[in-house]
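Numbering (the working numbering), first residue to last: 879 to 982.
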């Protein structure tokens, strides 16, 4: 399984500062997944015409994590880590769902 991406994207426009750049952007960005049981040739989701907001088939990070763990053969309900006296899950406390469109 190969995953290419980051924890956030970049704004589609330059920032009006002394040094023009692009700021952090969590509302719409790309992740690329290949192999390991993922479905090849599939594009999921769509942004608005400016690339600023996700407008179709938005995937929450907990669902992406659950799907990646599934592709690795790990049940996300069973995977937890102990921190400050509590058990935590990578997918959080809200129910996570597999992104079936990603699965071969």
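Virtual Cβ for every residue (Gly too), placed ideally from N, Cα, C.
From a predicted model like this one, the values you see are computed outputs, not experimental measurements.
query, result
"Cβ-based burial, residue 911 [other Cβ within 10 Å; buried from 16]", "buried"
"Short Cβ contact (8 Å threshold) for residue 916 with residue 923", "no"
"The region 956-971 touching the region 884-901, judged by at least three CB pairs closer than 8 Å", "no"
"Enclosing alpha helix (DSSP H) for residue 880 [first to last residue]", "Looking at the DSSP string, residue 880 is not in any alpha helix (DSSP H); the run it does join, the beta strand (DSSP E), is 880-882."
"Opposing strand residues paired with residue 905 [DSSP bridges]", "The partner list for residue 905 (beta bridge, DSSP) is empty, contrary to what the question assumes."
"Best match in 926, 971 and 918 for proximity to residue 881 [C-alpha to C-alpha]", "918"
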